[in-house]
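S.K.: Okay, handing you the structure first.
Number of protein chains: 2
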Amino acid sequence: MATVYVKGIILNSYKIGGQVKKKVSARSVAFSHTRSRHANETAEDYVEAVMELIEEFGECRVLDLARYFNVSHVTVSRIVKRLHDEKLLRSRPYKPVELTQEGAKLARRVKERHKIVLAFLIELGVDEANAEIDSEGIEHHVSSKTIDAMKNFLNKKT
Amino acid sequence: MATVYVKGIILNSYKIGGQVKKKVSARSVAFSHTRSRHANETAEDYVEAVMELIEEFGECRVLDLARYFNVSHVTVSRIVKRLHDEKLLRSRPYKPVELTQEGAKLARRVKERHKIVLAFLIELGVDEANAEIDSEGIEHHVSSKTIDAMKNFLNKKT
DNA sequence: CATAAACCGTAGCCATTGCTACATTTATAA
DNA sequence: TTATAAATGTAGCAATGGCTACGGTTTATG
Chain A
202 MATVYVKGII LNSYKIGGQV KKKVSARSVA FSHTRSRHAN ETAEDYVEAV
252 MELIEEFGEC RVLDLARYFN VSHVTVSRIV KRLHDEKLLR SRPYKPVELT
302 QEGAKLARRV KERHKIVLAF LIELGVDEAN AEIDSEGIEH HVSSKTIDAM
352 KNFLNKKT
Chain B
202 MATVYVKGII LNSYKIGGQV KKKVSARSVA FSHTRSRHAN ETAEDYVEAV
252 MELIEEFGEC RVLDLARYFN VSHVTVSRIV KRLHDEKLLR SRPYKPVELT
302 QEGAKLARRV KERHKIVLAF LIELGVDEAN AEIDSEGIEH HVSSKTIDAM
352 KNFLNKKT
């Protein structure tokens, strides 16, 4: 059985009856399961938003988040409840949403990463509007290695 | 009512009864709805994978995709059916999965974008393993403006 | 050719994230 | 204070993407 590497995938190919057969193995970490991956992104987006809204206005309400993310308050309400259970947020009925210690810690990490990605894109020559949008999407997918490379790039430029 | 801009969000604040109230408007495009956004990402991942597997082995089976993405064949089967309905893939029972014209067009776009992001990360100094993983996550979130900036960067370096 | 192995489809479960409609609580104002 | 408006919660539906279990098709091989 011959082992071949194609774009990071490990492929095992072998011949049977004159025909080439193949077996494609799991793609390591690149495609982690979408559902759990996305739940994490939601958590990161929410703690970051809560921190920003509190910094800006002193408190963060469910409806503030709904407007921020452009979804209904029902969606926010349910996600806040989940993040409460996961001990990232504190919430009581009809009261503002707050960050737990753990949530604040995560929020600071996410904001820091976001700041670096945004600054990097702008330094790269992307206009601010696109840089802002893209950094939101990208920030959940950059490894610490890539963040380091971005930091390096920014330092060299300064 | 005062209009304030915070990190790309349009915020309207106003006073009522001595207390500062606020209204946070929708965040334009930055947070498109997660569900549809993710469905698009899935489509892009799948047409890209189908094209790669066909190029490498002459055909693409449901199980190849299952191993590629490290999910069960059931999950693949359902998604293939959806993408068939969306006219991106062609599939018949117990037969290999194929790309429609539209699917192939999308796949080429995605692969091209992927290639640029990957080359960019490597040029930036990220090791290949991390670059491969990150590019998978990032590629769905870069605007054409950011892609252009990455291309520019690559051209300057060469 | 018959049987085993590999492949694929369907049924049916769960979680997440959207939504509308309606109920409840809190805050503002008459 | 009481009526109304704003904010929040709950019920219940849909789409998407995970899964296991089970059964049907195709293909390989003895």
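Sequence lines, in order, name chains A and B.
In terms of this note's numbering, the first sequence opens at residue 202 and continues consecutively.
In terms of this note's numbering, the second sequence opens at residue 202 and continues consecutively.
Idealized CB from N, CA, C, for every residue including glycine.
These figures come from a predicted structure and were not determined experimentally.
Who are the neighbours of glycine 304 of chain B on chain A, taking C-beta pairs under 9 angstroms?
M.R.: The premise fails here: glycine 304 of chain B is roughly 19 angstroms from chain A at the closest Cβ pair, so nothing lies under 9 angstroms.
S.K.: By the three-class DSSP mapping on this structure, what secondary structure does leucine 289 of chain A have?
M.R.: For leucine 289 of chain A, the three-state secondary structure derived from DSSP is coil.
S.K.: Just to confirm the assignment: which complete alpha helix (DSSP H) runs, minimum length 4, are found wholly within the region 278-332 of chain A?
M.R.: Fully enclosed alpha helix (DSSP H) runs of 4 or longer: 302-325.
S.K.: For tyrosine 295 of chain A, count neighbouring C-beta atoms within 10 Å of its own C-beta (all shown protein chains included) and say buried if the count is 16 or more, exposed if not.
M.R.: exposed
S.K.: May I ask you to report which of helix, strand or coil DSSP gives valine 343 of chain B?
M.R.: coil
S.K.: By how many angstroms is the C-alpha of valine 263 of chain A removed from the C-alpha of alanine 305 of chain A?
M.R.: Answer to the nearest angstrom: the Cα atoms are 17 angstroms apart.
S.K.: Could you name the residues of the same chain whose beta carbon sits closer than 7 angstroms to that of alanine 227 of chain A, not counting the 5 residues immediately before and after it, in chain order?
M.R.: Bear in mind that a pLDDT of 47 at alanine 227 of chain A, under 50, signals an unreliable position, so the number given afterwards is only what the model happens to contain. The answer is none, since no qualifying residue turns up.
S.K.: When the Cα of valine 298 of chain A is compared with those of A:Leu254, A:His239, A:Leu322, A:Arg314, which residue comes out closest?
M.R.: A:Leu254
S.K.: Do leucine 307 of chain B and valine 248 of chain B have their beta-carbon atoms positioned less than 7 angstroms apart in this structure?
M.R.: Contact flag set, yes.
S.K.: Indicate the three-state DSSP secondary structure (helix, strand or coil) for glutamate 234 of chain B in the structure shown.
M.R.: The question names glutamate, yet the displayed sequence has histidine at residue 234 of chain B. Three-state result, histidine 234 of chain B: coil.
S.K.: Counting only beta-carbon atoms, is aspartate 350 of chain B nearer than 7 angstroms to chain A?
M.R.: The sequence given here places alanine at residue 350 of chain B; aspartate does not occur at that position. Yes, because at least one Cβ of chain A sits closer than 7 angstroms to the Cβ of alanine 350 of chain B.
S.K.: In chain B, which residues lie less than 7 angstroms from glutamate 313 of chain A when you measure between Cβ atoms?
M.R.: Here the premise fails: no neighbours, minimum Cβ distance about 14 angstroms.
S.K.: Terminal residues of the continuous alpha helix (DSSP H) containing arginine 268 of chain B?
M.R.: Counting along the chain, the unbroken alpha helix (DSSP H) around arginine 268 of chain B starts and ends at 263-270.
S.K.: Is it the case that the Cβ atoms of leucine 290 of chain B and valine 277 of chain B are separated by a distance below 7 angstroms?
M.R.: Their beta carbons are not under 7 angstroms apart, which means leucine 290 of chain B does not touch valine 277 of chain B by this criterion.
S.K.: Report the option in A:His234, A:Thr347, A:Lys312, A:Glu303 whose CA atom is closest to the CA atom of lysine 288 of chain A.
M.R.: Checked all of A:His234, A:Thr347, A:Lys312, A:Glu303; the closest Cα to lysine 288 of chain A is A:Glu303.
S.K.: Does glutamate 257 of chain B come out as helix, strand or coil in the three-state DSSP assignment?
M.R.: helix
S.K.: Spatial neighbours of leucine 355 of chain B within its chain, please: C-beta separation below 8 angstroms, excluding the five flanking residues on both sides.
M.R.: Ile317, Ala320, Phe321, Glu324
S.K.: As a quick exercise: from A:Asn271, A:Cys261, A:Arg314, pick the residue whose alpha carbon is nearest that of arginine 293 of chain A.
M.R.: A:Cys261
S.K.: Any idea what DSSP makes of serine 273 of chain B, helix, strand or coil?
M.R.: Per DSSP, reduced to three states, the secondary structure at serine 273 of chain B is coil, with no helix or strand assignment.
S.K.: Taking any Cβ of chain A, which residues in the region 283-302 of chain B have a Cβ under 8 angstroms from it, in chain order?
M.R.: For the region 283-302 of chain B, the beta-carbon criterion of a distance under 8 angstroms to any beta-carbon of chain A is satisfied by none of its residues.
S.K.: Taking asparagine 331 of chain A and lysine 346 of chain B to be in contact with their CB atoms under 8 angstroms, please state how far apart those CB atoms are, rounded to whole angstroms.
M.R.: 4 angstroms
S.K.: Leaving out five residues on either side along the sequence, give the residues of the same chain with a beta carbon under 8 angstroms from the beta carbon of glutamate 242 of chain A.
M.R.: His341
S.K.: Is the shortest distance between the beta-carbon of asparagine 356 of chain B and the beta-carbons of chain A less than 7 angstroms?
M.R.: no
S.K.: Name the chain B residues that come within less than 8 angstroms of valine 281 of chain A, Cβ to Cβ?
M.R.: Going along chain B, no residue has its Cβ under 8 angstroms from valine 281 of chain A, so there is no contact; the nearest lies around 15 angstroms.
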